[in-house]
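The sequence shown maps to residues 1206 to 1531 in the working numbering. Virtual Cβ for every residue (Gly too), placed ideally from N, Cα, C. A quick note: this is a predicted structure, and the numbers were derived from the prediction, not measured. Here's the structure, in structure tokens; my notes come after.
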Amino acid sequence: MPDDAAARDAAAPENAAARAAMEEESAFSHPAVDPDITVAYGDHPDQLIDFYAPHGEREPGGPAPLVVVLHGGAWRAPYDRRHISPFADFLARRGFAVASVEYRRGSVGAGAGAGAGAGAGVGAGSGSGARAGAEEFGPVAGRWPDTFDDVAAALDALPGLVREALPQADSRRTVVTGHSAGGHLALWAAARHLLPVGAPWRIDRPAPLRGVVALAPIADFSVADKLDVCGGAVRQLLGGDEDFAERRPYADPALLLPTGIATTLVQGRADLDVPQAVAEAYADAAAKAGEVVGLTLLEDVGHFPLIDPAADACAVVAEEIAQLAW
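Okay, structure coming up:
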């Protein structure tokens, strides 16, 4: 009946929002899981890595692959690594050694930092556009360049820290994963050798990674900006309107291709926070650069089941990681 169809269409957005809210509630219902050890990789209170020893034994007697976890939260200060600790523990119970990285995030008025990465095209800017966005949505997303300083420093320090803190981990079999904003950082970390010459985070050769599994990543800044993902978070991360175009080549994974590193994106088709179009745009950009990336699309799955140990989607994520790590 036409009237019935119209009613269903009218109710669809409301139903989708209700489902998304239930998924978020489930993901955040798990108590935080304390790590086995926490180690600093710098002097700032946020420059920390939580290590989780493998609880399962997929290869008895052998070292466990290392999974580096980068949490999401739109690069905003209220969301730290504690919310992803149940996911880190879930991976540890699957037999992985896990390193969950904290990094500096944005807060109100912090859209344009002046950290170690300051330099031509990378230094602090006015950030006025970021602060304007924060008034509407909440804390500013990211601290430029501090967020990138920290992720680069953590990945560079990790091999030495792992040897001391988690000797049962095999850092030669490292997979980086991240959710949402953390998915962006995971893709970026695997592309540092492609950064513009002179970028403070640039490395001479590809990082020694088995691969990247990016979960609902904010992977293409142009598309994410057009869709206003997370209330303008992408534009805020780069310091606001005045700095967006100049800084984007230093930060947008879709411009840093091909990486030469095995990459899989896992994306819920029902994701309202970071829509499927963002992941698809990154996959398209990779293809144009001559690189094939995996894109696993999950039906009737939104944003948060990917890191919810109670959700089937989380098991899919673990298997995607295992395919690259073992």
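Of the residues the options, the one placed nearest residue i, counting alpha carbons only
| i | options | result |
| --- | --- | --- |
| Cys1435 | Ser1234, Ala1279, Glu1229, Trp1531 | Ala1279 |
| Ala1304 | Glu1504, Ser1312, Phe1292, Gly1267 | Phe1292 |
| His1288 | Pro1344, Val1244, Pro1250, Glu1229 | Glu1229 |
| Arg1407 | Leu1414, Ala1396, Pro1413, Leu1366 | Ala1396 |
| Phe1426 | Gly1267, Trp1393, Ala1226 | Trp1393 |
| Ser1290 | Val1522, Pro1236, Gln1252 | Pro1236 |
| Phe1353 | Ala1404, Pro1364, Leu1363 | Ala1404 |
| Arg1452 | Ile1466, Ala1488, Leu1400 | Leu1400 |
| Ala1245 | Glu1219, Ala1282, Asn1220, Gly1365 | Gly1365 |
| Thr1243 | Leu1363, Gly1267, Pro1218 | Leu1363 |
| Leu1253 | Leu1271, Arg1224, Arg1286 | Arg1286 |
| Arg1415 | Leu1271, Asp1251, Pro1218 | Leu1271 |
7 Å Cβ shell around residue i - same chain, five flanking residues per side excluded
| i | result |
| --- | --- |
| Ala1258 | Asp1241, Ala1297, Ala1302, Leu1371, Gln1373 |
| Asp1294 | Val1238, Tyr1257 |
| Lys1493 | none |
| Asn1220 | none |
| Ala1325 | Because Ala1325 carries a pLDDT of 37, less than 50, the predicted location of this residue cannot be relied on, and no value is offered for it. |
Classification of residue i by the beta-carbon crowding that lies within 10 angstroms, buried from 16 upward
| i | result |
| --- | --- |
| Tyr1455 | buried |
| Glu1504 | exposed |
| Glu1369 | exposed |
| Ser1234 | exposed |
| Val1402 | exposed |
| Arg1378 | buried |
| Gly1316 | With a pLDDT of 44 at Gly1316, under the threshold of 50, the modelled position of that residue is not reliable, and the figure given next carries that caveat. Buried: at least 16 other Cβ atoms inside 10 Å. |
| Arg1410 | exposed |
| Glu1525 | buried |
| Ala1358 | buried |
| Gly1261 | exposed |
| Asp1248 | exposed |
| Pro1480 | buried |
| Gly1437 | buried |
| Gly1473 | buried |
| Ala1530 | buried |
| Glu1341 | Any reading at Glu1341 must be qualified, since the residue scores a pLDDT of 45, below 50, and its modelled position is unreliable; the value itself is stated next. Classification of Glu1341: exposed, given that the 10 Å Cβ count is below 16. |
| Ala1226 | exposed |
| Asp1282 | It should be noted that the sequence gives Ala, not Asp, for residue 1282. Buried, because 16 or more other Cβ atoms sit within 10 Å of the Cβ of Ala1282. |
| Ala1488 | buried |
Own chain partners of residue i with C-beta closer than 8 Å, once the 5 adjacent residues on each side are dropped
| i | result |
| --- | --- |
| Ala1482 | Val1428, Leu1432 |
| Ser1231 | Phe1509, Pro1510, Asp1513, Ala1515, Ala1516 |
| Ala1486 | Ala1424, Asp1425, Ser1427, Val1428, Ala1459 |
| Val1522 | Thr1382, Val1418, Leu1420, Val1471, Leu1511, Ile1512 |
Rounded Cβ spacing between residue i and residue j (contact assumed at less than 8 Å)
| i | j | result |
| --- | --- | --- |
| Val1498 | Val1381 | Not a contact, Cβ separation roughly 14 Å. |
| Pro1422 | Ala1391 | 7 Å |
| Asp1355 | Arg1309 | 5 Å |
| Ala1346 | Gly1311 | 5 Å |
| Leu1500 | Ala1484 | 6 Å |
| Thr1468 | Val1506 | About 20 Å separates the two Cβ atoms, so there is no contact after all. |
| Ala1412 | Leu1360 | 7 Å |
| Glu1496 | Pro1458 | Actually they do not touch by this definition, with Cβ atoms about 12 Å apart. |
| Asp1430 | Ala1269 | That belief does not hold up - the Cβ atoms of Asp1430 and Ala1269 are roughly 39 Å apart, past 8 Å. |
| Val1471 | Leu1420 | 5 Å |
| Ala1222 | Leu1477 | 7 Å |
Residues near residue i in its chain [Cβ-Cβ closer than 6 Å; skip 5 each side]
| i | result |
| --- | --- |
| Leu1537 | A question about residue 1537 goes unanswered here, because the residues of the chain that appear run from 1206 up to 1531. |
| Tyr1284 | Gly1278 |
| Ala1518 | Leu1503, Val1506, Pro1510, Leu1511 |
| Ala1491 | Leu1462, Val1498 |
| Gly1465 | Pro1411 |
| Leu1442 | Trp1280, Ala1346, Gly1347 |
| His1398 | Ile1408, Arg1410, Pro1411 |
| Ala1527 | none |
Ordered list of alpha helix (DSSP H) runs contained in the segment 1391–1469, each at least 4 residues: 1426–1431, 1438–1442, 1449–1456
Please give me, in chain order, every unbroken run of the beta strand (DSSP E) with length at least 3 that falls completely inside the segment 1475–1528. List check, beta strand (DSSP E) in window: 1499–1503.
Which ranges does the alpha helix (DSSP H) cover as unbroken runs of at least 4 residues, wholly within the segment 1337–1371, from first to last along the chain? Fully enclosed alpha helix (DSSP H) runs of no fewer than 4 residues occupy 1351–1370 of the segment 1337–1371, in order along the chain.
Continuous beta strand (DSSP E) assignments of at least 3 residues falling wholly in the segment 1256–1298: 1269–1275
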